[in-house]
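Residue numbers (our numbering): 10 to 131.
Everything on this sheet refers to the single structure shown next.
Take a look at the structure:
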């Protein structure tokens, strides 16, 4: 099978074979639980996604600001780089709490992180 003939599902499967786990951070939130960061997920997936010929776009479809809490709905669209009309969209949502201006960014990062984790079964 040639590179350009692999469909998006085959490419996603290739990434799933390459990345089987993302390690939780050592630091804890309120000394209670550890977590997988957005940066760790992107770092684990970026190379295998590039190798497989998959890119993704993030579209914020809704957002609400309530005090220091931001809620967003996003569509993360995975695209076959060799056949850009072949796409899969995953809907996700995220929350970001910040007393300054970082709430929206945190909310989007949270939503994208979970879309990536679920799409690639991590």
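We treat Cβ as the ideally placed atom computed from N, Cα and C, and that holds for glycine.
Here the structure is a predicted model, which is why all the values come from computation and not from measurement.
Identify every residue that forms a DSSP beta bridge with residue 74.
In the chain shown, the residue the question calls residue 74 occupies position 65. Answer is 79, bridged to residue 74.
Mind checking residue 79: buried by the 16 CB within 10 Å criterion, or exposed?
Taking the first residue of the chain shown as 1, we reach residue 79 at position 70. With 16 or more other CB atoms across the displayed protein chains lying within 10 angstroms of its CB, residue 79 is buried.
Given the structure, does residue 31 come close to the ligand ZN, in the sense that its CB is under 7 Å from one of the ligand's heavy atoms?
Although the ligand ZN was asked about, the structure shown includes no ligands whatsoever.
On the criterion of 16 or more Cβ atoms from any shown chain inside 10 Å, does residue 29 qualify as buried, or is it exposed?
The residue labelled residue 29 in the question sits at position 20 within the chain shown. Label assigned to residue 29: exposed.
In chain order, what residues of the same chain have a beta carbon less than 8 Å from the beta carbon of residue 98, not counting five sequence neighbours either side?
Residue numbering aside, residue 98 sits at position 89 when the chain shown is read from its first letter. Contacts found: 84, 85, 86 and 87.
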